[in-house]
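**Q**
2 protein chains.
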Amino acid sequence: MTDLFDVIHAQRAHRAFADRPVADADLARILDAAVYAPSAENKQPWEFVVVRDPAGRAAIGALIERAWNSAGKAFSHTRLSPALLTDVDAGATGGIAAAPVHIVVGADTERGLRQTVAESIFPAVQNLMLAAGAIGLGTALTTIAVGYADELRAIVGFPETVRPMAVIPVGYPARPLGPPAREPFAHHTHRDRYGDRWA
Amino acid sequence: MTDLFDVIHAQRAHRAFADRPVADADLARILDAAVYAPSAENKQPWEFVVVRDPAGRAAIGALIERAWNSAGKAFSHTRLSPALLTDVDAGATGGIAAAPVHIVVGADTERGLRQTVAESIFPAVQNLMLAAGAIGLGTALTTIAVGYADELRAIVGFPETVRPMAVIPVGYPARPLGPPAREPFAHHTHRDRYGDRWA
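Same order as they appear, the protein sequences are chains X and Y. Just so we're aligned, residue 55 is where the first sequence starts under our numbering, counting upward by one. Just so we're aligned, residue 55 is where the second sequence starts under our numbering, counting upward by one.
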């Protein structure tokens with residue numbers, strides 16, 4: 055399934071993965087897609103660490119679990135739907151750690167500008183996740199571990215000049231997921247001025 | 055052209071547009087694609103103002119030109135290639151203003167979390183730009199006007215709770231653009247630890 059609109063409409067956050075390895079060639083394909091994203095001044099400030107090593111993935115998983123249990127869960131408890139809370143909880147306490155690959159995304163703040171890091175990294179992350187979906191791989195955009203930047207830096211060896219931005223688990227989905235739940239775009243689209251609804 | 059990989063590999067920043075209107079149905083298609091992006095807690099904090107009004111576009115264009123001339127150009131002068139500097143300069147001094155549509159993207163910081171705004175908005179922006187490319191429209195991700203948040207808020211009527219995140223000109227390209235210039239992903243990809251190059 056490589057039709058752009060089909061891929062976009064099917065994207066879901068995967069937090070449970072099959073026990074099945076991911077080929078280097080497939081990772082190359084999604085990383086190649088990532089670097090075709092735009093970035094401020096075309097500085098391409100991304101750095102990707104592809105973690106297959108079980109110790110590295112266990113350390114990342116433990117960091118996510120710690121972040122979730124120490125603050126995330128209590129905070130999100132009343133904010134998420136019960137189904138989403140259950141899914142996120144299962145992901146943070148082992149589901150994500152079980153992915154065969156974690157891609158840790160960093161931003162080189164010497165190559166790119168500190169002020170434009172976000173708009174220079176997340177389009178690439180989205181390209182990567184769409185490309186993964188197109189070839190049957192599941193991903194999720196997680197940023198909870200980024201709050202523990204020093205710990206995450208230590209795990210993947212990022213220097214001080216590379217800011218951790220996201221951890222993307224990559225693997226074959228444990229099960230197919232249905233269509234994503236979204237409000238129609240028209241609910242949040244306006245004509246010329248905020249408040250003049252699109253339709 | 056709707057193959058995901060073709061669209062991704064052809065994406066360029068368009069800063070010059072043909073004098074040709076864009077249909078509502080096409081805008082609906084790209085805005086619909088935008089809202090299928092992931093967002094933290096699935097809060098979908100985006101707000102889109104579709105500016106067709108000439109006065110609104112002129113005001114946005116003037117703001118971009120002011121930002122560019124007051125600081126951006128001097129700063130970027132030594133950072134950009136001569137070709138890119140020329141293109142960005144032409145865009146900031148009239149090219150972007152001439153697009154028939156500007157989509158101003160905001161983040162509702164009451165609906166979404168302030169801390170996760172970036173990762174909740176830029177994937178949607180990227181979906182929008184990819185979808186535009188798939189149907190023959192040109193776009194560019196611009197954030198220079200966002201530094202003048204109060205002025206941009208006044209132009210599109212965003213309340214204090216909606217943070218301006220990007221301005222996306224949308225239109226048919228003035229001319230076709232060649233393939234984007236990118237470093238190979240392998241130059242910025244590592245295995246297990248930063249510094250252990252992918253290949």
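Ideal placement from N, C-alpha and C gives every residue a C-beta, glycine not left out.
Along the stretch 95-124 of chain X, where does the CB come closer than 7 Å to a CB of chain Y? Name the residues.
**A** E95, N96, Q98, W100, E101, F102, V103, V104, V105, R106, D107, G110
**Q** Applying the criterion that 16 or more other CB atoms from any shown protein chain within 10 Å of the CB defines a buried residue, is Y/G190 buried or exposed?
**A** For the purposes of this step, residue 190 of chain Y is taken as the residue at position 136 of the second sequence. Y/G190 comes out exposed.
**Q** Run through chain Y and tell me which residues come within less than 9 Å of X/Y226, C-beta to C-beta.
**A** The residue given as residue 226 of chain X occupies position 172 in the first sequence. Residues of chain Y passing the Cβ test: none, with the nearest at roughly 18 Å.
**Q** Is the CB-CB distance between Y/L81 and Y/V104 below 8 Å?
**A** Taking the second sequence and counting its residues from 1, one reaches residue 81 of chain Y at position 27. Taking the second sequence and counting its residues from 1, one reaches residue 104 of chain Y at position 50. Yes, the pair counts as a contact, with Cβ atoms nearer than the cut-off.
**Q** So, Y/Y248 versus X/V210, is the Cβ gap smaller than 8 Å?
**A** Residue 248 of chain Y sits at position 194 when you count from the first residue of the second sequence. Residue 210 of chain X sits at position 156 when you count from the first residue of the first sequence. Pairing Y/Y248 with X/V210 gives a Cβ-Cβ distance under 8 Å.
**Q** Just tell me which of Y/A88, Y/P238, Y/A186 has its CA closest to the CA of Y/P160.
**A** In the second sequence, counting from the first residue as 1, residue 160 of chain Y sits at position 106. The residue you asked about is not Pro; residue 160 of chain Y is Gly in the sequence shown. Of the candidates Y/A88, Y/P238, Y/A186, the one whose C-alpha sits nearest the C-alpha of Y/G160 is Y/A88.
**Q** On the CB-based measure, 16 or more other CB atoms within 10 Å of its CB, does X/E164 come out buried or exposed?
**A** Counting from 1 along the first sequence, the entry for residue 164 of chain X is found at position 110. It counts as exposed.
**Q** So, under 8 Å CB-CB, Y/L195 and X/P177 are touching, yes? Tell me the CB distance rounded to an integer number of Å.
**A** Walking along the second sequence from the start, residue 195 of chain Y turns up at place 141. Walking along the first sequence from the start, residue 177 of chain X turns up at place 123. About 7 Å; that satisfies the 8 Å criterion.
**Q** What's the C-alpha gap between X/A208 and X/H68?
**A** The residue given as residue 208 of chain X occupies position 154 in the first sequence. The residue given as residue 68 of chain X occupies position 14 in the first sequence. Taking the straight line from one Cα to the other gives about 26 Å.
**Q** State the start and end residues of the unbroken beta strand (DSSP E) segment that holds X/F102.
**A** In the first sequence, residue 102 of chain X corresponds to position 48, counting from 1. It spans 100-105 - the beta strand (DSSP E) in which X/F102 sits, taken as one unbroken run.
**Q** List, in chain order, every chain Y residue whose beta-carbon is nearer than 8 Å to that of X/E214.
**A** By one-based count along the first sequence, residue 214 of chain X stands at place 160. Those within 8 Å of X/E214 in chain Y number zero; the least Cβ separation is about 12 Å.
**Q** Do you know how far the Cα of X/G166 is from the Cα of X/P213?
**A** Here residue 213 of chain X is taken as the residue at index 159 of the first sequence, counted from 1. Here residue 166 of chain X is taken as the residue at index 112 of the first sequence, counted from 1. Their Cα atoms are separated by approximately 15 Å.
**Q** Is the beta carbon of X/L138 less than 8 Å from the beta carbon of X/Q65?
**A** As a working note, residue 138 of chain X is residue 84 in the first sequence. As a working note, residue 65 of chain X is residue 11 in the first sequence. No, they are not a contact pair.
**Q** If you measure from the beta carbon of X/L231 to each beta carbon in chain Y, is any gap under 8 Å?
**A** Within the first sequence, residue 231 of chain X is the residue found at index 177, counting from 1. False, the Cβ-Cβ gap to chain Y never drops below 8 Å.
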